[in-house]
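Report on the following structure.
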Amino acid sequence: MLSLLASAAEFGPSLEGEMMPTEADGVDVAGEPSDTGSVGCSDQYLENGVQLPDLPLFFTRQNPESEYGTTEMIDAIVAATRHMRWLMPEASPVTIGDISHERGGFQSGHISHRGGVDADVGIYSTGAKQNLRGFDVLGANFDVVANWALISAFLDTGNIDFILLDHAHIARLRAYTTKAGLLTEAEAEEIFPTEAHPWDRTGIVRHAPNHDNHMHVRVLCSDGSHAGR
Ligand SMILES: [Zn+2]
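According to my numbering, the residues represented by the sequence shown are 64 to 292, in order.
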């Protein structure tokens, strides 16, 4: 299921081949949103934002007015949570927190979440449970099987730039995936690298403080580039 070739490092504009846009095509190759809406995206503002639809079998929206994203962001959430519904129908719908305001920009309580490319996503406690009213600190109650299923579903979209999560949870995921034979050591090293220090951010799933009760998912732009300022 998990395609390592779709990792952030390799999912680049080269995949577009001859479809790569040029200035002559009437789009701004520097990454600014264009009328076509097909090139680049910003981590500071949102144009043509899409509101996360109400799909209660898949997820619970905490604050729909702060849940606007790029098409890639919304598609990734719907695809990953739909997959969870199919794979683990007994699991709780996934709690979705803030994405961005309709036109992006500053959002209280966040440094990022300004361009519709960041979403806060609940993680499962033991028994594939989610708190439908918010995020719970889980500690050892982290459900490693369900959370790996959700993370791998996000990675399978091919649109994930990185995921922020507490390093203790990352260590649990790495131990589980390698011991269960789901990932080779080399594959695990690509997704959750062994850092000299957990604050070194190089992997696809990487540590950030204050992410022991949810994960933060950042998507790529529609052309595979990183969101720019
Ligand atoms: Zn966040």
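Even for Gly, the Cβ is constructed at its ideal location relative to N, Cα and C.
Since we're looking at a predicted model, the values are computed, not measured.
Is the CB-CB distance between glutamine 114 and proline 156 below 8 Å?
Working through the sequence shown from its first residue, we reach residue 114 at position 51. Working through the sequence shown from its first residue, we reach residue 156 at position 93. No, the Cβ-Cβ distance between glutamine 114 and proline 156 is not below 8 Å.
Expected contact under 8 Å - CB spacing of aspartate 224 and arginine 281 to nearest Å:
Start at 1 with the first residue of the sequence shown, and residue 224 comes out as number 161. Start at 1 with the first residue of the sequence shown, and residue 281 comes out as number 218. Rounded, the Cβ-Cβ distance is 4 Å, consistent with contact.
Would you kindly work out how many angstroms separate the C-alpha atoms of glutamate 110 and alanine 182, rounded to a whole number?
Along the sequence shown, one-based indexing puts residue 110 at 47. Along the sequence shown, one-based indexing puts residue 182 at 119. Their backbone Cα atoms lie some 16 Å apart in a straight line.
Near ligand 1, which residues have their beta-carbon less than 5 Å from any of its heavy atoms, given in chain order?
Counting only heavy atoms of ligand 1, the residues whose C-beta sits closer than 5 Å to one of them are, along the chain, Asp183, His279.
Find the nearest neighbour of histidine 208 within the set Arg124, Phe169, Gly190, judged by alpha-carbon distance.
For the purposes of this step, residue 208 is identified with residue 145 of the sequence shown, where counting begins at 1. The sequence given here places valine at residue 208; histidine does not occur at that position. Here the closest residue by C-alpha is Gly190.
Hey, how far is the Cα of arginine 55 from the Cα of threonine 158?
The first residue shown for the chain is 64 and the last is 292, placing residue 55 beyond what the model contains.
If you compare alpha carbons, which of Ala249, Thr240, Pro119 is closest to threonine 144?
Locating residue 144 in the sequence shown gives position 81, where the first residue counts as 1. It is Pro119.
Which class does histidine 232 belong to by DSSP, given the choice of helix, strand or coil?
Taking the sequence shown and counting its residues from 1, the one referred to as residue 232 is at position 169. Helix at histidine 232.
Mind listing, in chain order, the continuous beta strand (DSSP E) runs of no fewer than 3 residues lying wholly within the segment 102-150?
122-124
Tell me the rounded alpha-carbon separation between valine 141 and cysteine 104.
For the purposes of this step, residue 141 is taken as the residue at position 78 of the sequence shown. For the purposes of this step, residue 104 is taken as the residue at position 41 of the sequence shown. When the Cα atoms are used, valine 141 and cysteine 104 turn out to be separated by approximately 20 Å.
Looking at the unbroken beta strand (DSSP E) that takes in alanine 203, where does it start and where does it end?
Walking along the sequence shown from the start, residue 203 turns up at place 140. No beta strand (DSSP E) contains alanine 203, which DSSP labels as neither H nor E.
How many angstroms separate the CA atom of serine 285 from the CA atom of glycine 221?
Within the sequence shown, residue 285 is the residue found at index 222, counting from 1. Within the sequence shown, residue 221 is the residue found at index 158, counting from 1. Rounded to whole angstroms, serine 285 to glycine 221 spans 11 Å at the Cα level.
How is aspartate 263 classed by DSSP in three states: helix, strand or coil?
For the purposes of this step, residue 263 is identified with residue 200 of the sequence shown, where counting begins at 1. Coil at aspartate 263, not helix or strand.
Sort out for me which residues DSSP pairs aspartate 181 with in a bridge.
For this step, residue 181 is matched to residue 118 along the sequence shown. Note: aspartate 181 sits in a beta bridge opposite Arg281.
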